[in-house]
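The listed protein sequences derive, respectively, from chains A and B. Sequence positions in the first sequence follow my numbering and run 1 to 411. Sequence positions in the second sequence follow my numbering and run 1 to 564. Idealized CB from N, CA, C, for every residue including glycine. Below: one structure, written as structure tokens.
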Amino acid sequence: MTPSDLARRALPLLLAIPLALSFPAAATAETSLPEDWDAIETQARGQTVYWNAWGGDAAVNRYIGWVAERMAERHGVEVVHVKLDDTAAAVSRVIAEKSAGNVDDGAIDLVWINGENFAAMQRNGLLFGPFAQRLPHFALTAPDDNPEMRTDFTLPTEGFEAPWGKAQLTFYYDAERVEAPPRDMRALLDWAKAHPGRFTYPLVPDFLGSTFLKQALLELVEDPTVLAEPASDHEVATVTAPLWDYLDALHPHLWRQGRHFPASGPELKQLMGDGELSLAFTFNPAEPAAAVADHQLPPGTRSYVLDGGTLGNVHFVAIPFNARRKAGAMVLANFLLSPEAQARKQDIAVWGDPTVLDMDRLSAEQREAFDRGDANPARLPPEALEKLLPEPHPSWMEALEAAWIARYAKG
Amino acid sequence: MSGFTLAIRLLPRLTILLLVLPVTAGLVGVVAPAFGWLPALGGRSGTLAHWQALWQAPGLADMLRLSLVTGLASTLLALAIVVLFLAAFLETPLFRVVRRLLSPLLAVPHAAAAIGLAFLLAPSGLASRLLSPWLTGWTQPPDFLFPGDPGGVALIAGLVLKEVPFLLLMSLAALPQCQARERLMVARSLGYGPVSAFAKAVLPGLYPLIRLPVYAVIAFASSTVEVALILGPSTPPTLAVAVVRWLGDPDLSLRFLASAGALLQLAATALALLAWWGAERLVRRLAAGWLIDGGRRRGEATGRVLGAGLTWLAIGLLAASLAGLILWSLAAYWPFPAAWPSPMTLRTWREAADTALEPLRHTASIGLGATALSVVLVVGCLEAETLRRRPLRPGAQLILYLPLLVPPVAFLYGLVQLQAQLGLAAGWLAVTLGHSLFVLPYVFLSLAESYRRLDPRWGQVAAALGASRAATFRRVRLPMLAGPIAVAAAVGFAVSVGQYLPTVLLGAGRLATLTTEAVSLASGGDRRLTAVYALGQLALPALGFALALGLPRFLFRHRRQLLP
């Protein structure tokens, strides 16, 4: 038999693969999870939990390393941080496993997620739940008073994700080069005209780039309330027309005249560090201060929030439908919500990610751990974070991205 | 049947099986969704809707043009530089210097070279800093569009930088096979100048030997993702980058579009290869008269100047890119227009040293495993060819090169599915096998011509002296081919070290290697850490190439005629 004979014989076998793709994958794994929390903790003991989380920030990675140490000490759970460059890689893996009929032996136990990725996974039945309300520490977020703990980009999470931290669109600038940064979107256009080439935003559909579009739309649209409803209920072209007029006016004054865009938020930050930009923005309010300490941004960096407030949201952890160690994943998600872990995460020296806990639910002693007053000049004053605008319905984001690409991405 | 004969019979089949199963599964994983079949996402009926969506994707024509132009132009330039350099400097002291520089240059991962080049030539880059503000008057970086220019010039430059060392290495391995020295001597004694002698007497014999590597370069250049992400334009990007964006989009329905796009990418790569093949035939026809027109010294000086200038330009750019990376790895805050980071710090290196040990171990063990497997299989296939006295059939050859032709992002998705279906646990074995898919073609590519061109009379002499087939292989062919085998192994090892997607997907991200760490850290935009990992990524393959070039010298210190 020659090699090509072999190839011929193997072919029918291989053509059968698409048939295998049709495995009845929707049957959610019958979970043998106990009802009782103590029993879940007992079951978790000795498990290894593979936590897939973006690994692009050394500070975040170090924090996750600390979490792993504590989990081993306290709960006998080994936590392995699977570092991703993009959450899409985890989504791909779960889809592939579902396609192959793997319903109870998935390689991912917990995933750091929010927004579009959550919506997509939820829509396709790729998540396990509801589990959030079963976590004892979830009550500390006071979800009845803080609806954002149960809402991800206006979609109800229905207990399929547990909150972990908060994000808010935060602008930052180099005070050595900029005296008066623009305080709203219209002022930004004037500023860009006066300082050509010194501002840009990440390439849509990068989520920070899309966030910039949403922020602009929120300020420019005639009636912002329509954005809370699905885009299909409205005349999208009419509602978004002011945004495209705005961008048409803004682009010639952007970095590289708007002919090239940085790929992501981190690349935007790098351009600030290189001195190519004077003004930029991020979704992590603590990032500018941390980046100054890490020698990535100029020492004169200052942060602020636009006068009318900026978009904000919560980021979550979720468990794939076929996760192998669900008990361990739940114990980990619960630990992430503990006052101890949340206080450490909010510490600017560690990471600086704002807590999701409601201070009224904590004891005075627990609250104290969150009050690490430090006067980092690059940091946003805490009261600025109160000017939070809710995310529009996700369908607007999809509509904006498609329209942006059709208008600006074809060169 | 002796164990040797049995092994030689089995190895080619094992090779084909090892490749055919995953590649076909990978392809099915692309073809089925492209026509609407992906039940996990609700696609249960055949449809052409995704192809219609692809045709209407904004900027598709520009994406295709970019992929084709950058792929062909970079290959042509790289080949021209290599040929001019060899023509002008074969057997000169300069040639030996460049030869020594070759292994470190080859070891630079594509992404690291691209990052380095981007930093060198960007408006806020090293070149601009060195000239500012004393010459240019710039206190802020100027605003010109490079890298990322819409024509793809930066992308072509980045690709050429990496392909010149690769093609040079392939040519060096092939030169003894086509008796370059003898041909050159004859032509020179007939009064031909060095450049003309090489072009007319050696090149026609050399090119067929490096044709496959050239095709691999075209395939890589027309479908590269990492280099195009760093140096290519963004509105629109090349087709391969667009496919990756669609695959990574949170809107999962775009995965159907991505699959159709991946097939289109396959067609685009095939088209680029076809265009090159057509050009080859045209050149052969047009050059026929020129080869025998007796012109002995035309263009001699121009050839020498171009050969030296372009080679040094390529080496200089690559070296400067590396120097930039080293500076970044030592920098604290480093503002424009400072050309030298001050203060310097070892902090980034110390931080990396704390966490890099395990990734280093994984990188080395996976690389060695995949390389060893690939070398055994490839040598087995080639030995079987030798014994059977005919090359692999074209169909089998195509299978061998498929992993290089299909864009990995799309094809790996099907592979992960196969892994899940076979119940192969995510881990070292799965990753090593996955790496072998990409390592094996390169090892084959690097070794095939040398193996096939080995004079069969050596084997006949050995047989006449009563040596068995096994003994002939072990005592005659293997030692004579030790040099090319070592180089092929080093190439394979370097390919393994650079793999990102197979490592993440097949290992479920659990096996951290230097490359996975580098890529995930690069997504955070800290150029200092990225530089440290890129340099670490470079160190291992550099060691491999140094061994590959040094080991034969040591083994054959008493048989100098075996050395190239």
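Within chain B, the residues that residue i reaches when beta carbons sit closer than 8 angstroms
i	result
residue 82(A)	508, 509, 510
residue 315(A)	Within 8 angstroms Cβ-Cβ: nothing; residue 315(A) doesn't reach chain B, min ~14 angstroms.
residue 58(A)	351, 521, 524, 526, 529
residue 405(A)	58
residue 156(A)	Per Cβ cutoff of 8 angstroms: no residues; residue 156(A) is ~18 angstroms from chain B at best.
residue 298(A)	333, 335
residue 393(A)	The contacting residues do not exist; residue 393(A) stays about 15 angstroms from chain B at best.
Extent of the continuous alpha helix (DSSP H) to which residue i belongs
i	result
residue 164(A)	Note, residue 164(A): premise wrong, no alpha helix (DSSP H); beta strand (DSSP E) at 161-168.
residue 515(B)	514-522
residue 50(A)	Taken as a continuous stretch (DSSP letters only), residue 50(A) belongs to no alpha helix (DSSP H), being part of the beta strand (DSSP E) at 48-54.
residue 226(A)	First-last for residue 226(A): undefined, no H or E at that position.
residue 435(B)	428-453
residue 351(B)	347-355
residue 20(B)	3-34
residue 97(A)	87-99
residue 119(B)	110-121
residue 556(B)	Per DSSP, residue 556(B) belongs to no alpha helix (DSSP H) and is neither H nor E.
Contact list for residue i against chain A, beta-carbon separation under 7 angstroms
i	result
residue 140(B)	275
residue 248(B)	86, 88
residue 145(B)	256, 259, 260
Chain-ordered chain A contacts of residue i [CB-CB under 9 angstroms]
i	result
residue 505(B)	89, 92, 93, 96
residue 550(B)	Within 9 angstroms Cβ-Cβ: nothing; residue 550(B) doesn't reach chain A, min ~35 angstroms.
Neighbour list for residue i in chain B, Cβ cutoff strictly below 7 angstroms
i	result
residue 201(A)	Simply none; closest approach about 12 angstroms.
residue 319(A)	In chain order: nothing, as chain B lies at least about 15 angstroms away.
residue 398(A)	251
residue 269(A)	525
Under 8 angstroms from the C-beta of residue i: neighbouring residues of chain A
i	result
residue 519(B)	85
residue 516(B)	83
residue 235(B)	203, 259, 260, 261, 408, 409, 410, 411
Range covered by the beta strand (DSSP E) that runs through residue i
i	result
residue 415(A)	The question about residue 415(A) has no answer here: the residues shown for chain A are numbered 1 through 411.
residue 81(A)	78-84
Residues that residue i contacts on chain B, provided the C-beta gap is smaller than 9 angstroms
i	result
residue 52(A)	508, 509
residue 214(A)	Those within 9 angstroms of residue 214(A) in chain B number zero; the least Cβ separation is about 15 angstroms.
Contact with chain D by residue i, beta-carbon distance below 7 angstroms
i	result
residue 266(A)	The question asks about chain D, but that chain is absent: this structure's protein chains are A and B.
- Message: For a minimum of 4 consecutive residues, which ranges assigned as the alpha helix (DSSP H) are wholly contained in the segment 300-380 of chain A?
- Response: 326-336, 339-346, 364-368
- Query: Looking at chain B, which residues of the segment 251-264 of chain A have a Cβ within less than 9 angstroms of any of its Cβ atoms?
  - Reply: 255, 256, 257, 258, 259, 260, 261, 262, 263, 264
- Return the residues of the segment 338-351 of chain B that lie within a Cβ-Cβ distance of less than 7 angstroms from chain A, sorted by chain order. 351
- Query: Of the residues that make up the segment 407-438 of chain B, which ones have a beta carbon closer than 7 angstroms to any beta carbon in chain A?
  - Reply: 413, 416, 417, 420, 421, 426
- Message: So within the segment 260-301 of chain A, which uninterrupted alpha helix (DSSP H) runs reach at least 4 residues, ignoring any that extend past its ends?
- Response: 265-273, 287-293
- Task: Give, in chain order, every residue of the segment 103-131 of chain B whose Cβ lies closer than 7 angstroms to some Cβ of chain A.
- Result: 123, 124
- Task: Identify every run of the alpha helix (DSSP H) within the segment 382-409 of chain A, keeping only runs that are complete inside it and at least 4 residues long; order them along the chain.
- Result: 394-408
- Message: Any contact between the segment 113-122 of chain B and the segment 199-214 of chain B? By contact I mean 3 or more CB pairs, one from each, below 8 angstroms.
- Response: no
- Message: Just to confirm the assignment: which complete beta strand (DSSP E) runs, minimum length 3, are found wholly within the segment 56-96 of chain B?
- Response: none
- Item | Residues from the segment 91-118 of chain A in contact with chain B, defined by Cβ distance under 8 angstroms | 91, 92, 93, 95, 96, 97, 98, 99, 100, 101, 102, 107, 108, 115, 116, 117
- Task: With a floor of 4 residues, list each alpha helix (DSSP H) that falls wholly inside the segment 213-301 of chain B, ordered by position along the chain.
- Result: 226-231, 239-248, 254-291
- How do the segment 249-264 of chain A and the segment 188-204 of chain A stand: do at least 3 beta-carbon pairs fall below 8 angstroms, yes or no? yes
- Would you call the segment 254-269 of chain B and the segment 60-72 of chain B touching, i.e. three or more CB-CB distances under 8 angstroms? yes
- the segment 67-81 of chain A touching the segment 40-52 of chain A, judged by at least three CB pairs closer than 8 angstroms: yes
- If we count Cβ pairs, one from each stretch, closer than 8 angstroms, do we get three or more for the segment 457-467 of chain B versus the segment 510-522 of chain B? no
- Task: Scan the segment 152-211 of chain B and note each continuous beta strand (DSSP E) run of 3 residues or more that stays entirely inside, going in chain order.
- Result: none
- Using Cβ-Cβ distances below 7 angstroms, what residues of the segment 118-131 of chain A are close to chain B? 120, 124
- Report yes or no: do three or more beta-carbon pairs, one from the segment 523-531 of chain B and one from the segment 452-463 of chain B, lie closer than 8 angstroms? no
- Flag this pair as touching only if the segment 214-232 of chain A and the segment 308-328 of chain A have three or more C-beta atom pairs under 8 angstroms; answer yes or no. yes
- Message: Is it the case that the segment 292-305 of chain A contacts the segment 92-100 of chain A, given that we only count it when at least three CB pairs across the two stretches are under 8 angstroms?
- Response: no
- Item | At least 3 beta-carbon pairs within less than 8 angstroms: the segment 313-326 of chain A vs the segment 160-167 of chain A | yes
- Query: Which of the residues in the segment 149-176 of chain B, read from start to end, lie with their CB under 7 angstroms from any CB of chain A?
  - Reply: 150
- Query: How do the segment 299-310 of chain B and the segment 189-199 of chain B stand: do at least 3 beta-carbon pairs fall below 8 angstroms, yes or no?
  - Reply: yes
- Message: Below 8 angstroms, how does it come out for the segment 328-342 of chain A and the segment 130-138 of chain A: are there three or more Cβ pairs, yes or no?
- Response: yes
- Query: Is it a yes or a no for the segment 114-131 of chain B touching the segment 229-245 of chain B, going by three-plus beta-carbon pairs under 8 angstroms?
  - Reply: yes
- Query: What are the complete alpha helix (DSSP H) segments, minimum 4 residues, inside the segment 365-398 of chain B?
  - Reply: none
- Are at least three pairs of beta-carbons, each pair with one atom in the segment 250-257 of chain B and one in the segment 32-46 of chain B, less than 8 angstroms apart? yes
- Query: Given a limit of 7 angstroms on CB to CB distance, which residues of the segment 170-203 of chain A reach chain B?
  - Reply: 197, 203
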